[in-house]
Structure formats: C-alpha cells, structure tokens
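A.B. asks:
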Amino acid sequence: MTIFHHLPGQHLARVQELVAKLIEDRRAPAAIVSGVRHLGAGVAFAIDSPGLLDLRAEMMRLFGSWPGPQDLQRWRPHITIQNKVPRARADALFFQLREEFEQRPIRITGVDLSSYLGGPWRHETTVPFKPSAAAN
1 MTIFHHLPGQ
11 HLARVQELVA
21 KLIEDRRAPA
31 AIVSGVRHLG
41 AGVAFAIDSP
51 GLLDLRAEMM
61 RLFGSWPGPQ
71 DLQRWRPHIT
81 IQNKVPRARA
91 DALFFQLREE
101 FEQRPIRITG
111 VDLSSYLGGP
121 WRHETTVPFK
131 PSAAAN
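Just so we're aligned: 135 in the working numbering is position 135 of the sequence shown, and the numbers increase by one with no gaps anywhere.
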C-alpha cells in the first residue's frame, strides 16, 4: 500500500527518523481486505483499517508541507494488482475477482521507505511495527 506518493528526497533521513519514532512502540493496525476496486486502467484490493488511517493522519501532521499534491487527496488504502492496462482487460479481471471475493484479514508488518529513481524504485529501509502478543 502506498501511504505517500511524494516526500522530498532531501529529507529522507528526517522522514526515517519521524516514522521510526512514531511507530517504535506501536503494534500493527488491524486491517482487512474488504473488497475489489476498479481503478479504470487496473484493479486493486481495498483495505479497511481505521488504525492505518489514523497512522497516516499522524504522519501527515508530522510531515507538514512535504507531501505532494496527490498525497493531499483523500486516502483510500489499497493493494494494486493490475495497473495501466486497457479498460476491457481491467473490467474482465474486476468482474472475475468481485465474483470470487471473500473478505479476509491482512497482516501489516511495518512501513517501507523507498526512493523513486525516475522509473525504478530503491528500497531505503523498513520500519517494523512492534510484534503482536500473539507473535511472541
């Protein structure tokens, strides 16, 4: 799930620091894969997680003016499974998945930070959530 699309690269160290501090003693938010979303030129699984929405809102406050215009829009967490395909192909997958779909929980393990390199991405770090009691 992409939480933010654009944070300035020159602040990467500070972003890492803020994210680490924010989630250092936090358990992963509960989340469910709640449905199938049509993206127009692709398909995604919708994610329902009030805790994740709260976490993102906290990050928005911490990051101040850093998030880009796309990040200022309402955030609808999802996992993209198909992107940039013709509409007919997206329609076919959407209707197939919607018919077979069953809600299920999903485990969120941490926050990844990556840098966009004009095409490819470079993974910078993963900030893990505190392990759940069940994992101990």
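In this text, a Cβ means the ideal position worked out from N, Cα and C, and glycines have one as well.
(1) Given a threshold of 16 other Cβ atoms within 10 Å of its Cβ, counted over all protein chains shown, does ARG37 qualify as buried or as exposed?
(2) Roughly how many whole angstroms lie between the Cα atoms of GLY64 and LEU22?
(3) Looking at the secondary structure, which residues open and close the beta strand (DSSP E) in which GLY9 lies?
(4) Less than 8 Å separating the beta-carbons of ASP71 and PHE4?
(5) From LYS84 to HIS6, what distance separates their C-alpha atoms?
(6) How many angstroms separate the CA atom of ASN136 from the CA atom of LYS130?
(7) Does the region 22-33 come into contact with the region 42-59, if we say contact requires no fewer than three beta-carbon pairs (one atom in each stretch) closer than 8 Å?
(8) Grab the span of the beta strand (DSSP E) containing PHE63 for me, first residue to last.
C.D. replies: Let me spell this out:
(1) By the 10 Å Cβ count, ARG37 comes out buried.
(2) Straight-line Cα distance between these residues: approximately 15 Å.
(3) Per DSSP, GLY9 lies in no beta strand (DSSP E) segment and is marked neither H nor E.
(4) Contact check for ASP71 against PHE4 passes: the beta carbons are separated by less than 8 Å.
(5) Roughly 20 Å separates the two Cα atoms.
(6) Low confidence applies to ASN136: its pLDDT is 47, below 50, so where it sits in the model is not reliable, and the reading given next is rough at best. Computed Cα separation, rounded: 11 Å.
(7) When C-beta atoms of the region 22-33 are compared with those of the region 42-59, three or more pairs fall below 8 Å, so the two segments count as touching.
(8) For PHE63, no beta strand (DSSP E) segment is defined; the enclosing uninterrupted segment is the alpha helix (DSSP H) at 50-63.
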